[in-house]
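Participant:
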Amino acid sequence: MKSMAYRSLKECMDDLSQADQLVRIDEPIDATLEAAAIQRRVHAAGGPAILFTNIRGCRFPMVSNLFGTLQRVEFLFRDTLESVQRLLKLKINPWDALRHPWHYWGAGMAALAMRPKVVSSGPVLARQTSIRQLPHLVSWPNDGGAFITLPIVYTEDISQPGWKRSNLGMYRIQLSGGRYKPDHEIGLHYQLHRSIGVHHAAAIREGQPLRVNIFVGGPPAMTLAAIMPLPERMSELTFAAALGGRRIRMISCEDHLPIHADADFCITGTVVPDQLLPEGPFGDHLGYYSLAHDMPVLQVDRVYHREDAIWPFTVVGRPPQEDSVFGEFIQQLIGPIIPAVLPGVHAVHAVDAAGVHPLLLAIGSERYTPYTELARPQELLTQANALLGQGQLSLAKYLFIVNRADDPDLNIQDVAAFLRHLLRRADWTRDLHFQTQTTIDTLDYTGGSLHEGSKLVIAAVGPPRFKLATELPRNLQLPDALRNPRIALPGVLVVEWVEGGDTEKNLKIDQWSHKIPATTWNQDKEHGDIPCIRWIVLVDDAEFTARTLDNFLWITFTRSNPASDVHGIDAFTHEKHWGCRGPLIIDARWKPHHAPPLVEDPQITRRVESLAARGGPLEKIL
61 MKSMAYRSLK
71 ECMDDLSQAD
81 QLVRIDEPID
91 ATLEAAAIQR
101 RVHAAGGPAI
111 LFTNIRGCRF
121 PMVSNLFGTL
131 QRVEFLFRDT
141 LESVQRLLKL
151 KINPWDALRH
161 PWHYWGAGMA
171 ALAMRPKVVS
181 SGPVLARQTS
191 IRQLPHLVSW
201 PNDGGAFITL
211 PIVYTEDISQ
221 PGWKRSNLGM
231 YRIQLSGGRY
241 KPDHEIGLHY
251 QLHRSIGVHH
261 AAAIREGQPL
271 RVNIFVGGPP
281 AMTLAAIMPL
291 PERMSELTFA
301 AALGGRRIRM
311 ISCEDHLPIH
321 ADADFCITGT
331 VVPDQLLPEG
341 PFGDHLGYYS
351 LAHDMPVLQV
361 DRVYHREDAI
371 WPFTVVGRPP
381 QEDSVFGEFI
391 QQLIGPIIPA
401 VLPGVHAVHA
411 VDAAGVHPLL
421 LAIGSERYTP
431 YTELARPQEL
441 LTQANALLGQ
451 GQLSLAKYLF
461 IVNRADDPDL
471 NIQDVAAFLR
481 HLLRRADWTR
491 DLHFQTQTTI
501 DTLDYTGGSL
511 HEGSKLVIAA
521 VGPPRFKLAT
531 ELPRNLQLPD
541 ALRNPRIALP
551 GVLVVEWVEG
561 GDTEKNLKID
571 QWSHKIPATT
581 WNQDKEHGDI
591 PCIRWIVLVD
601 DAEFTARTLD
611 NFLWITFTRS
621 NPASDVHGID
631 AFTHEKHWGC
641 RGPLIIDARW
651 KPHHAPPLVE
661 DPQITRRVES
671 LAARGGPLEK
681 IL
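For the sequence shown, the working numbering gives the first residue as 61, with consecutive numbering after it.
(1) In the DSSP assignment, what residue or residues form a beta bridge with S219?
(2) Quick one: what's got a C-beta closer than 6 Å to W200's C-beta in the same chain, skipping five residues either side?
(3) So the beta strand (DSSP E) M174 belongs to, where does it begin and stop?
(4) Does H634 come out as helix, strand or coil in the three-state DSSP assignment?
(5) Which runs of the alpha helix (DSSP H) spanning at least 4 residues fall entirely within the segment 112-155, listed in chain order?
(6) Between the Cα of W488 and the Cα atoms of F460, I472 and S514, which residue gives the shortest distance?
(7) Closer than 6 Å by C-beta to L185: which residues in its own chain qualify, once you throw out the five before and the five after it? Chain order, please.
(8) Name the two residues that bound the continuous alpha helix (DSSP H) containing A446.
(9) Applying the 10 Å Cβ sphere with the 16-neighbour rule, what's the burial state of S384?
(10) Apply the 10 Å Cβ neighbour rule to G449 and answer buried if 16 or more other Cβ atoms are within range, or exposed otherwise.
(11) CA-CA distance, G675 and N544?
(12) Going by the beta-carbon positions, is the gap between I319 and I311 smaller than 7 Å?
(13) Looking only at DSSP bridge pairs, what is P533 linked to?
(14) Would you mind stating whether A413 and L420 have Cβ atoms separated by less than 7 Å?
(15) Less than 7 Å between C-beta atoms, sequence neighbours within five positions excluded: which residues of the same chain meet that for M64?
(16) By the 10 Å Cβ neighbour count, where 16 or more other Cβ atoms means buried, how is E296 classified, buried or exposed?
(17) To which residues of the same chain is F127 closer than 7 Å at the C-beta, ignoring the five residues directly before and after it?
(18) Starting from N273, follow its DSSP beta bridges and name the residues at the other end.
(19) Mapping DSSP to helix, strand and coil, what is E556?
(20) Exposed or buried, what is P468 when buried is set at 16 or more other beta-carbons lying within 10 Å of its beta-carbon?
(21) Where do the N-terminal and C-terminal ends of the alpha helix (DSSP H) with A519 fall, by residue?
(22) For K527, list the residues DSSP reports as bridge partners.
(23) Between which two residues does the alpha helix (DSSP H) containing N611 stretch?
(24) How would you label N611, buried or exposed, when you count the other beta carbons within 10 angstroms and need 16 or more for buried?
(25) Quick one: residues in its chain with C-beta nearer than 7 Å to the C-beta of G222, no 5 flanking neighbours on either side, listed in chain order?
(26) Are R378 and G404 closer than 7 Å when you measure CB to CB?
(27) For the pair the segment 631-644 and the segment 326-333, tell me if three or more CB-CB distances fall below 8 Å.
(28) Taking the straight line between their C-alpha atoms, what separation do you get for H417 and A456?
(29) Mark A79 as exposed unless 16 or more other C-beta atoms lie within 10 angstroms of its C-beta, in which case mark it buried.
(30) List the residues that DSSP assigns as beta-bridge partners of Y458.
(31) Among A422, V668, T298 and V123, which residue has its Cα nearest to the Cα of A477?
(32) Between the beta-carbon of P195 and the beta-carbon of M122, is there less than 7 Å?
(33) Comparing alpha-carbon positions, which option in G229, T618 and A281 lies nearest I256?
(34) Give a yes or no on whether the C-beta atoms belonging to V597 and A520 are separated by under 7 Å.
(35) Cα separation between K515 and R427?
(36) Could you tell me the boundaries of the alpha helix (DSSP H) in which H259 lies?
Below, the structure is given as structure tokens:
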């Protein structure tokens, strides 16, 4: 089997083709909605990478689903995964090399070999074009224009220029629509806690424009490097070299930032201080549209491309999509080194089905009081605060953390088992810890304003205290306005709130206790053998929510803001601590200030289904 030290995207695709992991579609395909709809279906089917050779109105071919399965990503980087894991661990904990020198033999020399290679020219400079000549991918019907969905955005710190302090990130780029001047302006959207923001702030302080290069395509290691949450001061360019098995070639430019020599495309430009324009809407990875907001504008200088340029793209939407595989791969790389970064934390899992940032699971440990019987979470709360202070983990909206010693075999990837473990132990009178008026994911609108919302930490320790109901209690009596109750998970009831019936005034959630039998929600340790409901989730469609675990996770955590939507039966406040003695209640109904969900255009659906029919180009794939 050939080495995977690819020099170009085309070499990567040739390798995939020889391994029967890439297929061609020569049928004319529209980049507006059609290509995205095909990608969604091929990914859902676990299909191969797709090369679209005939894009209507565009001379450049497009490729999608390059990273569509974890097995394919592992295939692409089959020669380097183990060494990259060792280097990451060494970067975080260099003392480990002293304890296990043979394990890291050669790592220092490998690190020196990862420095970017400065060159005077490269394939990407072969041709120039314009923004309007590029593939204009539109993924969802209400998108505000065409977007680059796999951009590799390169910036440097104006006060400390050079590749060592550079940033390589994947930030949304809007090519058309809105109020952008065609061919001259494009949108640059970056979210909270992204390193490009540090560079942008430095440029604003100096009153200077921020120079930006956007690379598209090239060896796949650059794409993975752009999304990796790397240790601080570790260059994405050196990581890309380690992962790709080849130094990254950067073209030195007198009038602009260095250009990735082996990219398929490069857009160069500048972000001028104080210039903002509405960017969006865009169908995003939570499964809803992110709305139009003022974002920085990139004034385009030049658009370069190589002779055989290919435009890679992905499509985001309600998980799982191709970006879900990125998350799996990142977890595989950094999961083993988490204890070195956060002492006492054994594992974390950002739940993809819940939209990643809305729900973070963690397994920690209580280590500091071995001489006393553990009565309540202690060190777990310290670890929870540490997690919420770590880069992208700080955007978690719900953080559930449990004690490893209570079940050493608990698998954090088994979300249903983790929730059962938590619900059997958590005490709603003491184990709910809120942060209000804080920052959340830019794409999450449950807080009502951009970037603003709240967080809820639930920490659980000790032996099981509660038996979880697995069927509806026979004597369950709910208020008239609630209907269609269903058990979504052990101890979790989902129910619809119907307008009419009892008025909202008479349906105050904290007054429900007299309507629900005590045996249903008993929280008393002495009656732990009585099956009980621990959560009640209010939804718009109980059958859909309870149908699958993924549906439950998506609805519950993408449609609720802890401070405003978490309630409880028999609730109380004591010394500013909120808790409840009955079930916890989460209002996960869609609300007017929420962003609209993503729905495919029916006409496009019919068109793509015809391509998958007998004799069609997608027949053997879908």
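For each residue, glycine too, the CB sits at the ideal point set by N, CA and C.
Facilitator: Reading off the structure:
(1) Answer is none; S219 lacks a bridge partner.
(2) Cβ neighbours of W200 beyond the five flanking positions: G343 and L658.
(3) Segment: none, M174 is in no beta strand (DSSP E) and carries neither H nor E.
(4) Correct three-state label for H634: strand.
(5) Fully enclosed alpha helix (DSSP H) runs of 4 or longer: 130-136 and 141-152.
(6) The shortest C-alpha separation from W488 is found at F460.
(7) The answer, listed in chain order, is Y364.
(8) Per DSSP, the unbroken alpha helix (DSSP H) holding A446 starts and ends at E439 to L447.
(9) By the neighbour-count rule (16 or more Cβ atoms within 10 Å), S384 is buried.
(10) Around the beta carbon of G449, fewer than 16 other beta carbons sit within 10 angstroms, so the residue counts as exposed.
(11) Roughly 44 Å separates the two Cα atoms.
(12) Yes.
(13) DSSP output for P533 lists no bridge partner at all.
(14) Going by C-beta atoms, A413 is not nearer than 7 Å to L420.
(15) In chain order, D75, L136, F137, R138, D139 and G305 place their CB closer than 7 Å to the CB of M64, counting only its own chain and leaving out the 5 sequence neighbours on each side.
(16) Taking all protein chains shown into account, E296 has 16 or more neighbouring C-beta atoms within 10 Å of its C-beta and is therefore buried.
(17) So the list reads V133, E382, V385 and F386, once near-sequence residues are dropped.
(18) In the DSSP output, where bridge partners are listed per residue, N273 has Y214 and T328.
(19) Note: E556 maps to strand in three-state DSSP.
(20) Looking at its Cβ environment, which holds fewer than 16 other Cβ atoms inside 10 Å, P468 is exposed.
(21) First-last for A519: E512 to A520, but that is the beta strand (DSSP E), not the alpha helix (DSSP H).
(22) Bridge partners of K527: P591.
(23) For N611, the enclosing alpha helix (DSSP H) covers residues L609 to T618.
(24) With 16 or more other Cβ atoms within 10 Å, it is buried.
(25) If you ignore the 5 residues before and after G222, its C-beta comes within less than 7 Å of the C-beta of E216, all in its own chain and listed in chain order.
(26) Going by beta carbons, R378 and G404 fall outside the 7 Å limit.
(27) Contact fails: fewer than three Cβ-Cβ distances are below 8 Å.
(28) Between H417 and A456, the C-alpha separation is close to 5 Å.
(29) It counts as exposed.
(30) Answer is L419 and L516, bridged to Y458.
(31) Comparing Cα-Cα distances from A477 to each of A422, V668, T298 and V123, the minimum goes to A422.
(32) Contact: yes.
(33) Comparing Cα positions, the closest option is G229.
(34) Taking 7 Å as the Cβ cut-off, V597 and A520 do not qualify as a contacting pair.
(35) For K515 and R427, the distance between alpha carbons rounds to 26 Å.
(36) For H259, the enclosing alpha helix (DSSP H) covers residues S255 to E266.
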